[in-house]
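Student: Below are the structure tokens for one structure; questions will follow.
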Amino acid sequence: MPSPDEYQHLFPEPLKPRSKGVSLLFIGTNSLLFRDSKTAIFVDPYFTRPGPILGLQYFLKTVAPNQQIIHKALDRIGIAKANAVLLTHTHIDHALDAPDVAKLTGAKIFGSRSAVNVGKGGGVPEDFLCEVEIGKPYKIGTFRVTFFESEHLPFPKIVEPLINYKEEIDEPLVPPVRMAEFREGGTFKILIEHKLGSFLVSGGGLDTNPPPISATAISITIAGLALRSKEYREKLFRKSVIDTGAHRVFLTHWDDFGKPLDEPPDFLGRAHLVVDHFIEMAKSSEVELFLPPLWSETLLFPQGKRGIFQKIRDLFRR
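As structure tokens, then:
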């Protein structure tokens, strides 16, 4: 298996000192941090990583957030205050650490009813929990955030009973609990808009009937895509990238999230084959493709340089 370092040509340019605008930090799995000088928004923060992903024993293991690891991660990021934690869905690798991150940074959790129950079980006050309405814009500091229904990547039939595919968390989830108790709870795409640009965060796979959304940049989670056909991935690329008008694509959820964050990352399974396929599709579509390394922050939208797609969107809003 190749090392992620062999794909350095896909690494985005690191954030330079005194850069102004909106930055994007990738912290492994689907963990993202969007921030400008006034507002910080986490997506799916997951730092604890309670062990190797090894079959049945992985799903039956009892887990709880590791506060020491979470503190260490936040210190490394250099963040003491955040405005929001957005959850694309509530599987363990997206939601386990959300309550602690919210409490430590003063952030409000936005997501499904299941996300609210994860927050309640983790001791987050009611005032800091928001069950979102589909299609409703939420103003969060200098950003505007809108949740859209999406679909999780289908799992092999033999695995579905272990991961509670499509089930909800219908009461407060108080850790420690079995990993499998972190049910999906519905999956979202999240449109994150700023005056400098827009970014569509993916939390799943190919949508049957995706809503019409346009964005200047997009993330695609590639965990599990090696198990899908080439045709599936091409259709996903077309609907997620071409149909949204995005000209920059960031691949996430590519790393083995069974490894601790302080160890050098490896690809998850055969994720490198998916990256190779996306390289081919990006070349034929004249789209910029990025594979962000862990702990890498890049200037996503420079201040004073608004994209043509964002200007067109603003014209239609008037």
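Residues 1 to 318 in my numbering are what the sequence shown spells out, letter by letter.
From the three backbone atoms N, C-alpha and C, an ideal C-beta is built for every residue, glycine too.
By the DSSP assignment, the beta strand (DSSP E) with F110 in it spans what residues?
Tutor: Note, F110: beta strand (DSSP E), 108-111.
Student: Do you know whose CA, among L261, H91, F143, lies nearest N83's CA?
Tutor: Minimum Cα distance to N83 is reached at F143.
Student: Indicate the three-state DSSP secondary structure (helix, strand or coil) for P14 in the structure shown.
Tutor: Note: P14 maps to coil in three-state DSSP.
Student: Have a look at the DSSP bridge pairing and note the partners of D255.
Tutor: DSSP output for D255 lists F267 as bridge partner(s).
Student: Since K230 is in the alpha helix (DSSP H), which residue starts that stretch and which ends it?
Tutor: 230-237 is the extent of the alpha helix (DSSP H) around K230.
Student: Write down the C-beta distance between D93 and T29 rounded to the nearest angstrom, noting that I regard them as a contact closer than 8 Å.
Tutor: Right, their Cβ atoms sit about 5 Å apart.
Student: Measuring CB to CB, does I169 end up less than 8 Å from V118?
Tutor: Result yes, Cβ atoms of I169 and V118 sit closer than 8 Å.
Student: Considering only their Cβ atoms, is the gap separating A102 from V124 smaller than 8 Å?
Tutor: Contact flag set, yes.
Student: Is it buried or exposed for A80, if we count other Cβ within 10 angstroms and need 16 for buried?
Tutor: A80 is exposed by the Cβ-count criterion.
Student: Considering only C-alpha positions, which residue in the set H277, T252, Q303 is nearest to F26?
Tutor: Nearest option by C-alpha distance: T252.
Student: When the Cα atoms are used, what is the spatial distance from L173 to E181?
Tutor: Distance between the alpha carbons of L173 and E181 is about 8 Å.
Student: Identify every run of the beta strand (DSSP E) within the segment 167-194, keeping only runs that are complete inside it and at least 3 residues long; order them along the chain.
Tutor: Within the segment 167-194, the complete beta strand (DSSP E) runs of at least 3 residues are 187-194.
Student: In angstroms, rounded to a whole number, what distance separates the CA positions of G51 and V177?
Tutor: Straight-line Cα distance between these residues: approximately 15 Å.
Student: Would you kindly work out how many angstroms separate the C-alpha atoms of D5 and H91, rounded to a whole number?
Tutor: D5 and H91: Cα-Cα distance of roughly 28 Å.
Student: Please report the distance separating the alpha-carbon of A9 from that of E286.
Tutor: Ala is not the amino acid found at residue 9; the sequence shown has His there. Each residue's alpha carbon lies about 16 Å from the other.
Student: How big is the Cα-Cα spacing for T48 and A98?
Tutor: In a straight line, the C-alpha of T48 is about 11 Å away from that of A98.
Student: Quick one: what's I41 bridged to in DSSP?
Tutor: In DSSP, I41 forms a bridge with F34, A84.
Student: Output the boundary residues of the beta strand (DSSP E) element that contains V145.
Tutor: Element bounds for V145: 143-150.
Student: In the DSSP assignment, find the beta strand (DSSP E) that holds A217 and state where it starts and stops.
Tutor: Run containing A217: 217-221, per the beta strand (DSSP E) assignment.
Student: Within 10 Å of its beta-carbon, does S31 have 16 or more other beta-carbons around it, so buried, or fewer, so exposed?
Tutor: With 16 or more other Cβ atoms within 10 Å, it is buried.
Student: Measuring alpha carbon to alpha carbon, tell me which residue in L206, S198, D44 is nearest I218.
Tutor: With distances taken between Cα atoms, I218 lies closest to S198.
Student: If the criterion is Cβ atoms closer than 8 Å, does the pair S112 and L299 meet it?
Tutor: No, the Cβ-Cβ distance between S112 and L299 is not below 8 Å.
Student: Do the CB positions of L261 and Y7 come within less than 8 Å of each other?
Tutor: Cβ atoms of L261 and Y7: not closer than 8 Å.
Student: Contact check, D266 vs D256 under 8 Å by CB: the rounded distance?
Tutor: Going by Cβ atoms, the distance from D266 to D256 rounds to 5 Å, so yes, they are a contact pair.
Student: Per DSSP, what are the beta-bridge partners of K139 in this structure?
Tutor: Answer is R144, bridged to K139.
Student: Shortest alpha-carbon distance to H71 belongs to which of D44, L206, K61, T105?
Tutor: Closest by alpha carbon: T105.
Student: Determine the closest residue to M281 out of K20, R238, S229, G78, with distance taken between C-alpha atoms.
Tutor: Out of K20, R238, S229, G78, R238 has the C-alpha closest to the C-alpha of M281.
Student: From L74 to E149, what does the alpha carbon distance come to, in whole angstroms?
Tutor: One C-alpha to the other measures close to 30 Å.
Student: Give me the Cβ distance between F42 and L86, rounded to the nearest whole Å; I'm assuming they're in contact under 8 Å.
Tutor: Correct: roughly 7 Å between the Cβ atoms.
Student: Once the 5 residues before and after K16 are set aside, which same chain residues still bring their CB inside 8 Å of it?
Tutor: These residues qualify, in order along the chain: L299.
Student: Candidates S37, F59, T39: which alpha carbon is nearest G258's?
Tutor: The residue with the shortest Cα to Cα distance from G258 is F59.
Student: Checking 8 Å against the spacing of the C-beta atoms, do F301 and G21 come in under that value?
Tutor: Taking 8 Å as the Cβ cut-off, F301 and G21 qualify as a contacting pair.
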